[in-house]
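According to UniProt numbering, the sequence shown is numbered sequentially starting from 1.
Cβ coordinates follow ideal geometry from the N, Cα and C atoms, glycine included.
The structure presented is a predicted model; accordingly, all values stated were derived computationally and were not measured.
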Amino acid sequence: MDLRAHTRKFTEKDNRLASLSYFGTFAVYSLSLYLAIAHADRWYVMLPAGVVFAFAAVRLYVLQHDTGHHSLFETRLQNEIAGHVLSPFTFAPFEVMKQNHNLHHSNIGNLEHRETGEIHTMTVREWKAAGFWERLGYRLYRNPLVLVPLGSAFTYFIRYRWPKNTVRFGACGVILHNLVIVAMLALLYWAAGMTGIWIWLAFSFLGGMIGVFLVYLQHNFEDTYWDRRPDLNPQVAALQGSSCLDFGWFFDMAVANITLHDIHHYNARIPSYRLRQCHYSLPPELGLRRIKFPEAVRALTLKLWDEEKKCLVPFPG
């Protein structure tokens, strides 16, 4: 089948579906945060509401990612406005993150441009040539107990205050973005005091950890794809080098289908609300792998790309 032609059938934008996804997620985000703060003394209300808030925060981040591809709403202007509005809530300055993410898409699977990826991966050859301190640093970096919690805290609360390529793509926008965050937190403090700040911080951190876990799994699994030019195949890199996480319909909905990352990389114009329909309409003979949760957890043990075996492997014993 002509896969490119097939995926184009699902690229049509629908402002009704986009608005339902966008404003509906904002409503869940706001209501769950309110419930968590208002019932801070009742853990059986505060904790479930906080978890819902964390997933809503992840979903807002994914929707902002869609607006960066101009694949959520029908027009470019609508997507740009929506993306900027989301910035203070996702902690990601829109314009710079959009441009960085486009660089990631253009270099997917390229061993010579790993700096455009979210999670750094060393090759087995590089590992063997590395010294003690470089190996120790990389071991710590790829340790899930460091990568997920500390990676979340560093990325969303520190790194995104001045992302890479900020000077290149818009320092003024990043500064304004940070000022708006300060104003938003001041408003939260005025309305709910330190209780509100701590609850927002704790469950934003949880949302960040969910996000880092998903970002890791998008390209770090055993039979992912890396290569060097001129052998690099962009279509194979998109489909084989990006994962489909099969955690069930409800989880897909909770994270705006970012789990279907293979089809997204193959055609980034597909709106998040059509990704699942597109993926599950593909014939089985295409052989697209779907990763279940146990395999996803095992993928956290894979650390190095083996250029000879063409797979991700653990550290040498």
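Selection from F251, T224 and L17 that minimises the alpha carbon distance to D306: Against the sequence shown, residue 306 aligns to sequence position 306. Looking at the Cα atoms, T224 is the closest of the given residues.
Thinking C-alpha only, which one of L63, L72, V45 and G151 is nearest K13? Translated into the one-based positions of the sequence shown, residue 13 becomes position 13. Measuring from the Cα of K13, the nearest candidate turns out to be L72.
Is the stretch 182–201 in contact with the stretch 34–49, if contact means three or more CB pairs nearer than 8 Å? yes
Between the CA atoms of N233 and I270 - distance to the nearest angstrom: For the purposes of this step, residue 270 is taken as the residue at position 270 of the sequence shown. For the purposes of this step, residue 233 is taken as the residue at position 233 of the sequence shown. Each residue's alpha carbon lies about 21 Å from the other.
Could you tell me if A27 is buried or exposed, where buried requires 16 or more neighbouring beta carbons within 10 angstroms of its beta carbon? To locate residue 27, count along the sequence shown from 1; it is residue 27. Exposed, by the Cβ-count rule.
Look up N110 in the DSSP assignment and say whether it is helix, strand or coil. To locate residue 110, count along the sequence shown from 1; it is residue 110. If DSSP states are grouped into helix, strand and coil, N110 belongs with the strands.
Evaluate the contact criterion for the stretch 207–218 versus the stretch 95–111: three or more CB pairs, one atom per stretch, below 8 Å. no
Given that a residue counts as buried once 16 or more other Cβ atoms are within 10 Å of its Cβ, and exposed if not, what is Q277? What you label residue 277 is simply residue 277 of the sequence shown in a count that begins at 1. The residue in question, Q277, is exposed, as its Cβ has fewer than 16 Cβ neighbours within 10 Å.
Tell me where the beta strand (DSSP E) around E312 begins and ends. Against the sequence shown, residue 312 aligns to sequence position 312. First, the residue type needs correcting, since residue 312 is Leu and not Glu in the sequence shown. Residues C311 to V313.
Could you check how far apart the C-beta atoms of A82 and T67 are, in whole angstroms? I think they sit under 8 Å. Locating residue 82 in the sequence shown gives position 82, where the first residue counts as 1. Locating residue 67 in the sequence shown gives position 67, where the first residue counts as 1. Contact holds; Cβ gap of about 5 Å.
Which partner residues does D227 have in the DSSP bridge list? Within the sequence shown, the letter at position 227 stands for residue 227. Looking at the DSSP assignment, D227 forms a beta bridge with N110.
Near A18, what residues of its chain come up, given a Cβ to Cβ distance below 6 Å and the 5 sequence neighbours on each side ignored? By 1-based counting over the sequence shown, the position of residue 18 is 18. For A18, where only same-chain residues beyond five positions count, the Cβ hits under 6 Å are L72 and F73.
Identify, in the order they occur along the chain, each residue of the same chain with its Cβ nearer than 6 Å to the Cβ of Y216, setting aside the five sequence neighbours on each side. Residue mapping note: residue 216 aligns to position 216 of the sequence shown, counting from 1. For Y216, where only same-chain residues beyond five positions count, the Cβ hits under 6 Å are I119.
Residue from V236, V62 and M46 with nearest C-alpha to F91: In the sequence shown, residue 91 corresponds to position 91, counting from 1. Checked all of V236, V62 and M46; the closest Cα to F91 is V62.
Euclidean distance between Cα positions of N143 and P163: Locating residue 143 in the sequence shown gives position 143, counting from the first residue. Locating residue 163 in the sequence shown gives position 163, counting from the first residue. When rounded, the distance between both Cα atoms is 23 Å.
If we call anything under 8 Å between Cβ atoms a contact, is Y273 one with S21? Taking the first residue of the sequence shown as position 1, residue 273 is located at position 273. Taking the first residue of the sequence shown as position 1, residue 21 is located at position 21. Result yes, Cβ atoms of Y273 and S21 sit closer than 8 Å.
Distance, Cα to Cα, L60 vs P283? Here residue 60 refers to the residue found at position 60 of the sequence shown. Here residue 283 refers to the residue found at position 283 of the sequence shown. Looking at the two C-alpha atoms, the distance is approximately 31 Å.
Taking its Cβ as the centre, do 16 or more other Cβ atoms sit within 10 Å of N165, making it buried, or is it exposed? Position 165 of the sequence shown, counted from the first residue, corresponds to residue 165. Exposed, because fewer than 16 other Cβ atoms sit within 10 Å of the Cβ of N165.
Between which two residues does the beta strand (DSSP E) harbouring W305 extend? For the purposes of this step, residue 305 is taken as residue 305 along the sequence shown, with counting starting at 1. It spans L304 to D306 - the beta strand (DSSP E) in which W305 sits, taken as one unbroken run.
Give the DSSP bridge partners of L260, in chain order. Stepping through the sequence shown from its first residue, residue 260 is reached at position 260. Answer is C244, bridged to L260.
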